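At position 365 of the sequence shown the residue is numbered 508 (my numbering), and the sequence of numbers has no breaks. For every residue, glycine included, the Cβ atom is placed at its ideal position computed from N, Cα and C. All of these numbers come straight from a predicted model, not from anything done at the bench.
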Amino acid sequence: MSADLRLYNSLTRTVEAFQPREAKRVGMYSCGPTVYNHAHIGNFRSFLYGDLLRRTLRHFGFSVTSVMNFTDVDDKTIRGSRAAGEGLRAFTDRHITEFRRDMEILNITPHDEQPRATDHIPEMVALIGKLIGKGLAYVSGNGADSGSVYFRVAALPDYGKLSHLDKEGLKPGARVAQDEYEKETLGDFALWKAWTEDDGDVAWESPWGKGRPGWHIECSAMAMRYLGEELDLHCGGIDLLFPHHENEIAQSEGATGRPFARCWGHSAHLLVDSQKMSKSLGNLFTVRDVEAKGFTGRQLRYVLVKTHYRQSLNFTWAELEAASTALTRVDNWIVRWKAESPERFMVTHPDGKAFLDAFSAALADDLNISGALGHLFDFIRETNNLMDQKKPLPDLPAIWEKIDAVLGLGILKTEIPPEIAALGEERLAARAAKDWKKSDAVRDELARLGWSVRDSAKGQELVKK
Numbered sequence: 144m145s146a147d148l149r150l151y152n153s154l155t156r157t158v159e160a161f162q163p164r165e166a167k168r169v170g171m172y173s174c175g176p177t178v179y180n181h182a183h184i185g186n187f188r189s190f191l192y193g194d195l196l197r198r199t200l201r202h203f204g205f206s207v208t209s210v211m212n213f214t215d216v217d218d219k220t221i222r223g224s225r226a227a228g229e230g231l232r233a234f235t236d237r238h239i240t241e242f243r244r245d246m247e248i249l250n251i252t253p254h255d256e257q258p259r260a261t262d263h264i265p266e267m268v269a270l271i272g273k274l275i276g277k278g279l280a281y282v283s284g285n286g287a288d289s290g291s292v293y294f295r296v297a298a299l300p301d302y303g304k305l306s307h308l309d310k311e312g313l314k315p316g317a318r319v320a321q322d323e324y325e326k327e328t329l330g331d332f333a334l335w336k337a338w339t340e341d342d343g344d345v346a347w348e349s350p351w352g353k354g355r356p357g358w359h360i361e362c363s364a365m366a367m368r369y370l371g372e373e374l375d376l377h378c379g380g381i382d383l384l385f386p387h388h389e390n391e392i393a394q395s396e397g398a399t400g401r402p403f404a405r406c407w408g409h410s411a412h413l414l415v416d417s418q419k420m421s422k423s424l425g426n427l428f429t430v431r432d433v434e435a436k437g438f439t440g441r442q443l444r445y446v447l448v449k450t451h452y453r454q455s456l457n458f459t460w461a462e463l464e465a466a467s468t469a470l471t472r473v474d475n476w477i478v479r480w481k482a483e484s485p486e487r488f489m490v491t492h493p494d495g496k497a498f499l500d501a502f503s504a505a506l507a508d509d510l511n512i513s514g515a516l517g518h519l520f521d522f523i524r525e526t527n528n529l530m531d532q533k534k535p536l537p538d539l540p541a542i543w544e545k546i547d548a549v550l551g552l553g554i555l556k557t558e559i560p561p562e563i564a565a566l567g568e569e570r571l572a573a574r575a576a577k578d579w580k581k582s583d584a585v586r587d588e589l590a591r592l593g594w595s596v597r598d599s600a601k602g603q604e605l606v607k608k
């Protein structure tokens, strides 16, 4: 590709040329789900940002090693498993299975590694020990907290560099035991939590006594286990910037003395009808909720990807309807050129190169996906005109394969399942018998199952929504 990839780096707060440590090789870590409930569409906005980023990197010729963790032990998973009356492993296994199902529905590329925190306790204990040895962490000896280990925030001069934190309000000796907290409650944060009765049977032995890791140390240990001490990319939702990512930097750089990640990327919040998602408002939607409304994974993927990742995304059901219309336009275009004779396609057609260059240039500009999609729909209009005029065409099958490797809409590879094909035949038979009522009923059933019917001079076409 002719364009050089430029990405916004949350650490420097600038858009800059992306330069991994090794040319064309990228080690990328994404903070994954805490598996205590169904992931909601706000979570998946972040995961789809990571997916688009990985696909774009590969589009530009990078070899990507991608790691995303499962947080399967923390305050939330322990509370959830106890409330469900299940062991922690069985409880989190179930939610991991559900999460992977949602990832597949949204066509999110599987990561190279998806480690679970509970499988990496030894690495976490070793990392904590190193921080204690350097004077950056200490063991608490106070009452019920005895045996917990805390990171000494004041001992790291550049703590807060990611979130541009004002440490003036830091009180000597202040501690934060919770995994999640606000800047106003800044203090030394927990690396290891001494066992309490609320933890039940969730505990591991350590040099400081029985307990469990804090949330922040989990990601540092797993990221360095699979990608080494220096990452090229670390990404997640903007809600993770503080305290989670700030604390990851502190732990990792405190232990190694090296920069933890060259580039930090964060996706902005998702709103629902211009409001923050919350259970109390009843607008905390999951992939299953979207499916129950009759929409598909690819429609949801399109909605969650089409807005630039650093802009807040306002989710509405009308947006999903609009996505259906946009994807139908793409489908119609594909159905049309697939019916063309192969001799019509020209590898050297100048319009094909011009489009790919423009599409790639938009992506190279900090994942300007709206610009890339704008070029796609212009290209669809232009090539439809070429087909109308019976003129030579760019090599549309090859071009679509390249761009859908980035977009992940998966339309070109859609196959018609036998049961859908059978319904299509049933509708044709009803139309032949002029049984319009039955024909309409079958069309409605196909729509319910996520397929649209198009009638043309060439016959009936079944297209996945």
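Quiz item: Would you report the Cα separation of residue 152 and residue 161, rounded to the nearest angstrom?
Solution: 9 Å
Quiz item: Does the beta carbon of residue 155 come closer than 8 Å to any beta carbon on chain C?
Solution: In the structure shown, chain C cannot be found, because there is only a single protein chain.
Quiz item: So what does residue 407 bridge to, in DSSP terms?
Solution: 377
Quiz item: Would a C-beta distance cut-off of 8 Å place residue 171 and residue 216 closer than the cut-off?
Solution: no
Exercise. Going by CA-CA distance only, name the one from 475, 349, 442 that's closest to residue 461.
Key: 442
Exercise. Report the residue ranges of all alpha helix (DSSP H) runs contained in full by the region 439-509; include only those spanning at least 4 residues, in chain order.
Key: 440-448, 460-481, 493-507
Self-check item: Whole-angstrom C-beta distance between residue 210 and residue 452, which should lie under 8 Å
Solution: About 19 Å separates the two Cβ atoms, so there is no contact after all.
Quiz item: Exposed or buried, residue 309, counting other C-beta atoms within 10 Å across all chains shown (16 or more means buried)?
Solution: exposed
Quiz item: Going by DSSP, what residues sit across from residue 516 in a beta bridge?
Solution: The partner list for residue 516 (beta bridge, DSSP) is empty, contrary to what the question assumes.
Quiz prompt | Which residues DSSP lists as bridging residue 229, in chain order | solution = According to DSSP, which records beta bridges pairwise, residue 229 is partnered with nothing at all.
Quiz item: To the nearest whole angstrom, what separates the beta carbons of residue 334 and residue 302, a pair I think is in contact under 8 Å?
Solution: Actually they do not touch by this definition, with Cβ atoms about 14 Å apart.
Quiz item: In terms of residues, what are the limits of the beta strand (DSSP E) holding residue 173?
Solution: 168-173
Quiz item: Count the other CB atoms within 10 Å of the CB of residue 351; is the residue buried (16 or more) or exposed (fewer)?
Solution: buried
Quiz item: Apart from the five residues just before and just after residue 224, which ones in its own chain have a Cβ nearer than 6 Å to its Cβ?
Solution: 231, 234
Quiz item: Going by beta carbon distance, what residues of the same chain come within less than 6 Å of residue 347, once the five residues before and after it are set aside?
Solution: 264
Quiz item: From what residue to what residue does the alpha helix (DSSP H) around residue 540 run?
Solution: 539-550
Quiz prompt | residue 345 - containing beta strand (DSSP E), residue span | solution = Note, residue 345: premise wrong, no beta strand (DSSP E); not H, not E.
Quiz item: Taking all protein chains shown into account, do 16 or more other C-beta atoms lie within 10 angstroms of the C-beta of residue 474, making it buried, or fewer, making it exposed?
Solution: buried
Quiz item: Alpha carbon to alpha carbon, how far is residue 448 from residue 428?
Solution: 17 Å
Quiz prompt | Delimiting residues of the alpha helix (DSSP H) encompassing residue 211 | solution = Where residue 211 is concerned, there is no enclosing alpha helix (DSSP H), although the beta strand (DSSP E) it sits in stretches over 206-211.
Exercise. Starting from the C-beta of residue 184, find all residues in its chain whose C-beta is less than 6 Å away, skip the five residues before and the five after it, and write them out in chain order.
Key: 428
Self-check item: Stretch-stretch touch, CB-based, cutoff 8 Å, three pairs: the region 385-401 with the region 423-437
Solution: no
Practice problem: With DSSP collapsed to three states, give me the class of residue 576. | Solution: coil
Self-check item: Residue closest to residue 405, alpha-carbon to alpha-carbon, out of 390, 382, 376, 420
Solution: 376
Quiz item: Which residues bound the beta strand (DSSP E) around residue 298?
Solution: Element bounds for residue 298: n/a, residue is neither H nor E.
Self-check item: Reduced DSSP category for residue 302 - H, G, I as helix; E, B as strand; rest coil
Solution: coil
Quiz prompt | Spatial distance of residue 597 from residue 493 (CA atoms) | solution = 32 Å
Self-check item: Own chain partners of residue 384 with C-beta closer than 6 Å, once the 5 adjacent residues on each side are dropped
Solution: 306, 409
Quiz item: By how many angstroms is the C-alpha of residue 594 removed from the C-alpha of residue 243?
Solution: 24 Å
Quiz item: Going by beta carbon distance, what residues of the same chain come within less than 8 Å of residue 436, once the five residues before and after it are set aside?
Solution: 460, 463
Practice problem: Compute the Euclidean distance between the alpha carbons of residue 318 and residue 282, then round it to the nearest angstrom. | Solution: 12 Å
Self-check item: C-beta atoms of residue 499 and residue 542 nearer than 8 Å
Solution: yes
Practice problem: Determine the direct distance from the alpha carbon of residue 422 to that of residue 90, and round the result to whole angstroms. | Solution: The structure shown does not extend to residue 90, since the chain is modelled only from 144 through 608, so no value can be given for it.
Exercise. Since I believe residue 174 is in contact with residue 387 (beta carbons under 8 Å), could you give me their beta-carbon distance rounded to a whole number of angstroms?
Key: 7 Å
Self-check item: Close beta carbons around residue 241, own chain, < 7 Å, minus the five adjacent residues each side
Solution: 181
Quiz item: For residue 357, which option in 371, 338, 202, 503 has the closest C-alpha, if you only look at C-alpha atoms?
Solution: 338
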